[in-house]
Amino acid sequence: MVALKEILFEQLNFPSVRVGDEEFSTKWFLTGDMKFLCSLFGHLGPNATHACLLCEAPSTSFKENVAGEERTLDKIKESSKKYQEEFIKELKPAEKTALNRSCKSITKAPLVKINVNCVVPSPLHIILGLGQDLLNLVQKEAKTLGVEEQLEDVYKRLGADKRQSHEKIAHWRWSAKCC
Numbered sequence: 001m002v003a004l005k006e007i008l009f010e011q012l013n014f015p016s017v018r019v020g021d022e023e024f025s026t027k028w029f030l031t032g033d034m035k036f037l038c039s040l041f042g043h044l045g046p047n048a049t050h051a052c053l054l055c056e057a058p059s060t061s062f063k064e065n066v067a068g069e070e071r072t073l074d075k076i077k078e079s080s081k082k083y084q085e086e087f088i089k090e091l092k093p094a095e096k097t098a099l100n101r102s103c104k105s106i107t108k109a110p111l112v113k114i115n116v117n118c119v120v121p122s123p124l125h126i127i128l129g130l131g132q133d134l135l136n137l138v139q140k141e142a143k144t145l146g147v148e149e150q151l152e153d154v155y156k157r158l159g160a161d162k163r164q165s166h167e168k169i170a171h172w173r174w175s176a177k178c179c
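Numbering of the sequence shown is given in the UniProt record's numbering, commencing with residue 1 and proceeding in unit increments.
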């Protein structure tokens, strides 16, 4: 029995388009929000141990500004196969976490035959990352000038929430920080 995903996504797999008498080669690109893109590639998402869809850097390395090895479609397929082979066993929670790590947060086969280097970043996440960088610079400059308390007052008047929940989101700006 042929899987629905194979029927559905195989229709998108054509190498060229004919317009009149001319034939043009095609190259497919993907864009969308992170949840959509991660779902298409069988990735656990931005809260996973290897949160980046484009590289294999562990989430713990984001603060260190360390470049991760680039993901490829073949690596994603290998990781998903390994995950599926191991997951059928009865795993304890710690073993499942270790499996997620060893598979670089890939748990399912990709739905599309498009390499991750053809993923177009979501503008939302780029803007979020740039905005966070700007806020970090403002805070650093306020500290240098000794006006941190005044900046805090501005934040309070604006109702700004300064909790550090931005750290994972900031990585998704698709900068050169990890990949």
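All C-beta atoms in this analysis are idealised placements derived from N, C-alpha and C, irrespective of residue type, glycine included.
Taking the CA atoms as reference points, Val-147 sits about 26 Å from Ile-127. Excluding sequence positions up to five before and after Val-119, its CB lies within less than 8 Å of the CB of Phe-29, Leu-30, Thr-31, Leu-37, Leu-53 and Leu-54, all in the same chain and listed in chain order.
Looking at the DSSP output, Val-17 shares a beta bridge with Phe-24. Note that the stretch 53-69 does not touch the stretch 129-137; fewer than 3 beta-carbon pairs, one per stretch, sit closer than 8 Å. By the Cβ-count criterion, Lys-104 is buried, with 16 or more other Cβ atoms from all chains shown falling within 10 Å of its own Cβ. Three or more Cβ pairs drawn from the stretch 74-85 and the stretch 97-111 lie within less than 8 Å of each other, which places the two stretches in contact. Per DSSP, reduced to three states, the secondary structure at Ile-127 is helical.
Ranked by how close their Cα comes to the Cα of Lys-27, the residues Asp-33, Gly-20 and Ser-16 have Ser-16 in first place. For Pro-93, the enclosing alpha helix (DSSP H) begins and ends at 93-102. The beta carbons of Thr-144 and Asn-115 sit about 44 Å from each other, so the pair does not count as a contact at 8 Å.
8 Å or more divides the Cβ of Leu-151 from the Cβ of Ala-160.
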